[in-house]
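With this note's numbering, letter number 66 in the sequence shown gets 67, and the count goes up by one each step, no holes.
Backbone N, C-alpha and C fix where the C-beta goes; we use that ideal spot for every residue, glycine too.
Since the model is a prediction, treat every value here as computed from it, not as a measurement.
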Amino acid sequence: MTDRLPPLDVNAPGSIVNALKEYGSRGKLSDLQTVLGFLKHPNDEVKTAATKAASNLIRENLISHYNDLTKDVRSKLGMLLQSLDPRVIDEISKDLLGESHERRLRAIQILGLLKKNPRIREILVDLIKDRNEKVRATAIGLLGKVVGPNDQELILSLLNDPDKRVRANTVEALESLGNKRLMPILLRFRKDSNNRIRGNIIKALFNLGYTDIEQDLIEMIKTPNDLMKASALWVISQITFFSTQIEDAAGHAFLSENEMVIRNAKNALNKLGTPRALGYLRYLDMAAAKKE
Numbered sequence: 002m003t004d005r006l007p008p009l010d011v012n013a014p015g016s017i018v019n020a021l022k023e024y025g026s027r028g029k030l031s032d033l034q035t036v037l038g039f040l041k042h043p044n045d046e047v048k049t050a051a052t053k054a055a056s057n058l059i060r061e062n063l064i065s066h067y068n069d070l071t072k073d074v075r076s077k078l079g080m081l082l083q084s085l086d087p088r089v090i091d092e093i094s095k096d097l098l099g100e101s102h103e104r105r106l107r108a109i110q111i112l113g114l115l116k117k118n119p120r121i122r123e124i125l126v127d128l129i130k131d132r133n134e135k136v137r138a139t140a141i142g143l144l145g146k147v148v149g150p151n152d153q154e155l156i157l158s159l160l161n162d163p164d165k166r167v168r169a170n171t172v173e174a175l176e177s178l179g180n181k182r183l184m185p186i187l188l189r190f191r192k193d194s195n196n197r198i199r200g201n202i203i204k205a206l207f208n209l210g211y212t213d214i215e216q217d218l219i220e221m222i223k224t225p226n227d228l229m230k231a232s233a234l235w236v237i238s239q240i241t242f243f244s245t246q247i248e249d250a251a252g253h254a255f256l257s258e259n260e261m262v263i264r265n266a267k268n269a270l271n272k273l274g275t276p277r278a279l280g281y282l283r284y285l286d287m288a289a290a291k292k293e
């Protein structure tokens, strides 16, 4: 237990309540079990204070140490937080409206642990309109995980967002819904000028069942834009798609002077895994070794 925190005297309800407030604001996760022990206290005021203290303690530690906790621990804390305090969303909303961008982003991540709460969707709808680009991008990424089939129009409206990260994350969210009826809408954006968005569109289309992507990938690989080349090659490494034209294009990209393009071309050829693709890798690796 933290030395600086006041003692919890089980025989003095008044002092327990005051002490629990301190645990809620300054306690560590190692103090959580102690606080939870007071949920069964015979005094109602103590039980209420313990519930609020445990909720605040979990929320504060999730915000402060989110990346330090394992996914399993975060998930368990989220479930406990949700069961402890049905009004926890109100407390998190205060952080979402705060001035600290870092704290706001952590609060959004905590929302992702409370997927069963019916207010999550409503809050995310407001957040995707936020002025802060990182907040919008994080919110749309989460929205794709919590919306249902009837919420597609909400995400589709974001495909024209001025922020490229939001648009790219929107495509990923649409892909995660797995609804094939989205393909005609996604096809409108297959020539997007942004490499990440264009790559995400082609990947989403393929995973939704649209397989006529060969020429799109060839066009991207043959462009003089290295970022566009790299994104097309990344798509190839992420899906199971084959054609001799794709093999040849990836092999040719392996001759690029751009390190990212070379790395992605190698990954693409390895994913293709055919004798022809692997032959490109052996030949070009040997050619590179001779140059050295």
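Check	Outcome
What are the start and end residues of the alpha helix (DSSP H) that includes residue 258?	Taken as a continuous stretch (DSSP letters only), residue 258 belongs to no alpha helix (DSSP H), as it is neither H nor E.
CA-CA distance, residue 264 and residue 255?	8 Å
Does DSSP put residue 244 in a helix, in a strand, or in coil?	coil
Output the distance between the C-alpha atoms of residue 111 and residue 204, rounded to the nearest integer angstrom.	28 Å
Is it a yes or a no for the region 107-123 touching the region 79-98, going by three-plus beta-carbon pairs under 8 Å?	yes
Got a sec? Which residues, its chain only, sit under 6 Å from residue 94 by beta carbon, not counting five neighbours each side?	none
With DSSP run on the structure shown, which of helix, strand or coil describes residue 33?	helix
For residue 220, tell me which candidate among 209, 71, 241, 249 has the shortest Cα-Cα distance.	249
Sorted by chain position, which residues of the same chain lie with C-beta nearer than 6 Å to residue 252's C-beta, five sequence neighbours on each side aside?	281
Does residue 42 come out as helix, strand or coil in the three-state DSSP assignment?	coil
Which whole-angstrom value describes the C-beta separation of residue 262 and residue 227, a residue pair presumed to lie in contact below a C-beta threshold of 8 Å?	5 Å
Buried or exposed: which applies to residue 32, given that a residue is buried once 16 or more other Cβ atoms fall within 10 Å of its Cβ?	buried
Hey, residue 186 and residue 157: beta-carbon distance below 8 Å or not?	yes
Under the three-state reduction of DSSP, which class applies to residue 56: helix, strand or coil?	helix
Would you report the Cα separation of residue 3 and residue 59, rounded to the nearest angstrom?	Per-residue confidence for residue 3 stands at a pLDDT of 44, beneath the threshold of 50, marking its modelled position as unreliable; no derived number is given.
Could you check where the alpha helix (DSSP H) with residue 95 kicks off and where it finishes?	89-97
Taking the alpha-carbon of residue 104 as reference, which of 211, 133, 260 has the nearest alpha-carbon?	133
Can you give the Cα-Cα distance for residue 16 and residue 54, rounded to whole angstroms?	14 Å
Please classify residue 181: does DSSP put it in a helix, a strand, or coil?	helix
Near residue 108, what residues of its chain come up, given a Cβ to Cβ distance below 7 Å and the 5 sequence neighbours on each side ignored?	64, 93, 96, 97
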